[in-house]
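Student: Structure in structure tokens, see below.
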Amino acid sequence: MNLLHILPFLLPLTTAAPVQNPFNLVTSSSNTAHNNLFLSTQSTGPLDSNPVFRDPSNAATFFLTNTTVHYDAPNKAPWALSLVNGKVVQGNVEVSVSPSTASAVSTGFSIAEDGALTVASERWGGWLVCAGQGTSLLELFYQDTTAGSGVPDGCDQVQLNAVSKS
């Protein structure tokens, strides 16, 4: 049997997973200072960025493929949102081209019926908005339940909602 006979059977295996419509990630919070903040990125190197909050005109576009949140980067590189494993309650979140599976969780994300972005992970305790590290912008973190409980000083727990761009 030659390749032309096998090719029709292989094509279904190479199709991409369904992609949801593009969306922005926007906070909701009882603290009005941390309500309606739009997630964007700030480069920390050639392959990594920190998730920071900016005005709506500079909001990043994201999409969900299976259980990974991808950042629709201007250069079309395959950036993904990931939770960095650490030893502090205020866990780092990164947007990276190649998140390390040994030190970060980049799968398990889902969007609930109310639009909230959640993560199926033993570490997951919710989203945090905190003063940025080395920047004047507010930054996105997550509450790492394996490192402790409670909201760290200078942070506020928020809901991060997927708001469709279409």
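First residue of the sequence shown? That's 1 in this note's numbering, and the numbers climb one at a time after it. For each residue, glycine too, the CB sits at the ideal point set by N, CA and C.
1) Quick one: residues in its chain with C-beta nearer than 6 angstroms to the C-beta of Leu37, no 5 flanking neighbours on either side, listed in chain order?
2) Alpha carbon to alpha carbon, what distance is there between Gly150 and Ser40?
3) Is the beta carbon of Phe141 sitting closer than 8 angstroms to the one on Asn66?
4) How long is the line joining the alpha carbons of Asn85 and Ala104, rounded to whole angstroms?
5) Since Gln157 and Gly108 are thought to touch, with beta carbons under 8 angstroms apart, how far apart are those beta carbons, to the nearest angstrom?
6) Starting from His70, follow its DSSP beta bridges and name the residues at the other end.
7) Are the beta-carbon atoms belonging to Ser106 and Ala80 less than 8 angstroms from one another?
8) What's the call for Ser82, buried or exposed, on a 16-neighbour Cβ count within 10 Å?
9) Using the C-alpha atoms, what's the distance from Val163 back to Leu117?
10) Do you know how far the Cα of Leu137 is from the Cα of His34?
11) To the nearest angstrom, how far is it from the Cα of Ser49 to the Cα of Pro74?
12) By DSSP's criteria, Ala116 is part of a beta bridge. Which residues make up the other side?
13) In angstroms with no decimal places, state the Cα-to-Cα distance between Phe62 and Tyr71.
14) Expressed to the nearest angstrom, what Euclidean distance is found between the alpha-carbon atoms of Thr15 and Ala59?
Tutor: For this structure:
1) Here residue 37 refers to the residue found at position 37 of the sequence shown. Only Thr27 and Phe53 meet the Cβ criterion.
2) Mapped onto the sequence shown, residue 40 falls at position 40. Mapped onto the sequence shown, residue 150 falls at position 150. Rounded to whole angstroms, Ser40 to Gly150 spans 26 angstroms at the Cα level.
3) As a first step, residue 141 is located in the sequence shown; it is residue number 141 there, counting from the start. As a first step, residue 66 is located in the sequence shown; it is residue number 66 there, counting from the start. Contact flag unset, no.
4) The count along the sequence shown starts at 1 and reaches residue 85 at position 85. The count along the sequence shown starts at 1 and reaches residue 104 at position 104. Computed Cα separation, rounded: 5 angstroms.
5) Reading the sequence shown from its first residue, position 157 is the one you call residue 157. Reading the sequence shown from its first residue, position 108 is the one you call residue 108. So it is not a contact: roughly 19 angstroms between Cβ atoms.
6) The count along the sequence shown starts at 1 and reaches residue 70 at position 70. The partner list for His70 (beta bridge, DSSP) reads Phe63 and Ala80.
7) Position 106 of the sequence shown, counting from 1, holds the residue named residue 106. Position 80 of the sequence shown, counting from 1, holds the residue named residue 80. It is a contact, given that the beta carbons lie within the stated cut-off.
8) Numbered from 1 along the sequence shown, position 82 holds the residue referred to as residue 82. The residue is buried, with at least 16 neighbouring Cβ atoms inside 10 Å.
9) Within the sequence shown, numbered from 1, the residue matching residue 117 stands at position 117. Within the sequence shown, numbered from 1, the residue matching residue 163 stands at position 163. Cα to Cα, the separation comes out at about 10 angstroms.
10) For this step, residue 34 is matched to residue 34 along the sequence shown. For this step, residue 137 is matched to residue 137 along the sequence shown. C-alpha separation (whole angstroms): 12 angstroms.
11) Within the sequence shown, numbered from 1, the residue matching residue 49 stands at position 49. Within the sequence shown, numbered from 1, the residue matching residue 74 stands at position 74. So the alpha carbons of these two residues sit roughly 13 angstroms apart.
12) Taking the sequence shown and counting its residues from 1, the one referred to as residue 116 is at position 116. Paired residue(s): Asn161.
13) On the sequence shown, residue 62 is found 62 positions in, with the first residue counted as 1. On the sequence shown, residue 71 is found 71 positions in, with the first residue counted as 1. Distance between the alpha carbons of Phe62 and Tyr71: 5 angstroms.
14) For this step, residue 15 is matched to residue 15 along the sequence shown. For this step, residue 59 is matched to residue 59 along the sequence shown. Below a pLDDT of 50, predicted positions are generally treated as unreliable, and Thr15, at 35, falls in that range; no measurement from the model is reported.
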